[in-house]
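**Student:** Protein chains in written order, with the numbering used here: chain C, 1 to 122; chain R, 1001 to 1111.
The beta-carbon is built from N, C-alpha and C at its ideal position, and this holds for glycine as well.
As the structure is a computational prediction, the values presented were derived from the model and not from experiment.
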């Protein structure tokens, strides 16, 4: 059974860097079939795609966040990470990691973590 | 303001069939596959439909998806109380350098 679990600080001050890790179990993070994805959801709001990273290290970020976002993959530790710089209150949200399978076409985001609440407050 | 437009709410009675629409443009729905997600209160979203009309294993056949032109729809037949949730459509947008875009979500109430 594939499981994803987010971890990281839950409270940040404005201008700090948000750092979250997603640990993957039950499947190989090395596989080129998967795009490892971050999505966030502010309270009472919809879903916002942050970006994804492939096993090759190739990334694709949401243009609205691109200047502040970076992602990395640690295959030896079966986890991938998100860094979001210079956070403000607008970055307060539940952050989800998820897996997208692609074999010629997208199979959708089929596994999700339970989500990690990150609050930005002075 | 979401790139994909969904009605904010929908409702139905048990046993009924309801549909949720998702409207986009030629650069997103018109040229890419659509997926649908169900989010129960306080939980992470679950994949319901991918590639417009494909159901992952374990998703009941009561859930079906379709796409025509720049719009997509999710249909739920034999509505049950446990279907009360938020539903989101998603697809890729070629005009914005390829981000995954979501609809604003539709809150389904089972009366």
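#1: Leaving aside the five residues before and after residue 1107 of chain R along the sequence, list all residues of the same chain whose C-beta is less than 7 Å from its C-beta, in chain order.
#2: How many Å lie between residue 1014 of chain R and residue 1020 of chain R at the Cα?
#3: Could you have a look at residue 6 of chain C and say whether DSSP puts it in helix, strand or coil?
#4: Any idea which residues DSSP pairs residue 71 of chain C with across the strands?
#5: May I ask you to list the residues that DSSP assigns as paired with residue 13 of chain C?
#6: Which stretch, first to last residue, makes up the beta strand (DSSP E) that contains residue 107 of chain C?
#7: Could you have a look at residue 45 of chain C and say whether DSSP puts it in helix, strand or coil?
#8: Please report the straight-line C-alpha distance between residue 108 of chain C and residue 1076 of chain R, rounded to a whole angstrom.
#9: Using the beta-carbon count (16 or more within 10 Å), is residue 30 of chain C buried or exposed?
#10: Using DSSP's beta-bridge definition, name the partner residues of residue 21 of chain C.
#11: Counting only Cβ pairs nearer than 7 Å, list the residues of chain R close to residue 82 of chain C.
#12: For residue 34 of chain C, decide whether its Cβ has a neighbour in chain B, counting only Cβ atoms nearer than 9 Å.
#13: For the segment 1033-1065 of chain R, list every residue whose C-beta sits within 9 Å of some C-beta in chain C, in sequence order.
#14: Return no unless some Cβ of chain R is closer than 9 Å to the Cβ of residue 8 of chain C.
**Tutor:** Let me spell this out:
#1: These residues qualify, in order along the chain: 1008, 1009, 1086.
#2: Going from the Cα of residue 1014 of chain R to the Cα of residue 1020 of chain R covers about 16 Å.
#3: Three-state DSSP puts residue 6 of chain C in a strand.
#4: For residue 71 of chain C, DSSP records a beta bridge to C/82.
#5: As computed with DSSP, residue 13 of chain C is found in no beta bridge at all.
#6: In the DSSP assignment, residue 107 of chain C falls within the unbroken beta strand (DSSP E) covering 106-112.
#7: Of the three classes helix, strand and coil, the one that applies to residue 45 of chain C here is coil, per DSSP.
#8: Straight-line Cα distance between these residues: approximately 19 Å.
#9: Residue burial is scored here from C-beta neighbours: residue 30 of chain C has fewer than 16 other C-beta atoms within 10 angstroms and is therefore classed as exposed.
#10: Answer is C/7, C/81.
#11: Residues of chain R passing the Cβ test: none, with the nearest at roughly 15 Å.
#12: Any reference to chain B falls outside this structure, whose protein chains are C and R.
#13: Listed in sequence order: 1033, 1035, 1036, 1037, 1039, 1043, 1044, 1045, 1046, 1047, 1048, 1049, 1050, 1051, 1054, 1056.
#14: Any Cβ of chain R closer than 9 Å to the Cβ of residue 8 of chain C would place that residue at the interface, and such an atom is absent.
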